[in-house]
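Colleague: Once you've had a glance at the structure underneath, I'll fire off some questions.
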Amino acid sequence: MTGYLRNYQKEAANVKEQLNSVLTLSVNGKSFDLSVGAGVHDVSPSETLVQTLRNRLGLTGAKIGCGQGACGCCTVIMDGRAIASCMTLTLDCEGTEITTIEGLADAATGQLNELQQAFVDNCGYQCGYCTSGIIMTAQALLDEDPCPDEVVVRDALSGNYCRCGTHYTAVDAIMACVEKKQKEV
Ligand code: FES
Ligand code: FES
């Protein structure tokens, strides 16, 4: 038996084991139990995280653009890293901590966090379709490096595309947030 066939059979056995089980997702600090299976109300083995977030949990901030990992519209933070949720299977997310754009604002007051507010103050968007993905990529960067320079910010955003051409104002918004933080230190 070839290695490929062995791996395929192992994968198939894993998926079979997961069917008719319950998957627990941790999103924005809350736990969600979802049934796994082939029914219309179940998470199927091929369902992507962005589909689950949008269609089952009502978290529509992550957008579907290309659906193949190229545009960054669906970016969320998983265990501290910005990831493309259109390229991530929901079944692989158990045991991880996921943050979506809805999880950035203050849960009690709804007040936007500093980065979100900087986008508002600096008009860092036009139609807004790409904006949550850009903010989540930038948030993951700022969580790791609170004071990046503009080159680092641009590099981090290289996987986020904006059809309206607001990259410049998005970078301005992020740098304004960084400068504000630096003044506060
Ligand atoms: S929709 Fe996920 S990267 Fe484009
Ligand atoms: S603001 Fe419209 S796609 Fe970016």
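Sequential numbering of the sequence shown, starting at 7, is according to my numbering.
A virtual CB, placed ideally from N, CA and C, is assigned to each residue, including glycine.
In the structure shown, what three-state DSSP assignment does D39 receive?
Modeller: Three-state result, D39: strand.
Colleague: In the DSSP assignment, the alpha helix (DSSP H) including M142 goes from what residue to what residue?
Modeller: Run containing M142: T137 to E150, per the alpha helix (DSSP H) assignment.
Colleague: Figure out for me which residue from V82, H47, E53 and K186 has the closest Cα to the Cα of L121.
Modeller: Nearest option by C-alpha distance: K186.
Colleague: Could you round the C-beta distance between A182 and I140 to whole angstroms and report it? I think they count as a contact, below 8 Å.
Modeller: Contact flag wrong, Cβ pair sits at about 14 Å.
Colleague: Kindly confirm or deny that the segment 149-166 and the segment 110-120 touch, where touching means at least three C-beta pairs closer than 8 Å.
Modeller: In short, these stretches do not touch, since the Cβ pair count stays below three.
Colleague: Report the rounded CA-to-CA distance for C77 versus S27, giving the unit in angstroms.
Modeller: Rounded to whole angstroms, C77 to S27 spans 33 Å at the Cα level.
Colleague: Taking buried to mean at least 16 other C-beta atoms within 10 Å of its own C-beta, is A44 buried or exposed?
Modeller: Flag for A44 reads exposed.
Colleague: Can you tell me the Cβ-Cβ gap for A179 and N128, rounded? I've got them flagged as a contact below 8 Å.
Modeller: A179 to N128, Cβ: 4 Å. Contact.
Colleague: Go ahead and label N61 buried or exposed: buried means 16 or more other beta carbons lie within 10 angstroms of its beta carbon, across all protein chains shown.
Modeller: Exposed, by the Cβ-count rule.
Colleague: Counting only the same chain and skipping the five closest in sequence on each side, list residues whose C-beta sits under 7 Å from that of M142.
Modeller: Correct list, in chain order: T81, V82, I83, A88 and I107.
Colleague: Let's test the definition: count the other Cβ atoms within 10 Å of the Cβ of V46 and tell me whether it reaches 16, buried, or not, exposed.
Modeller: V46 is exposed by the Cβ-count criterion.
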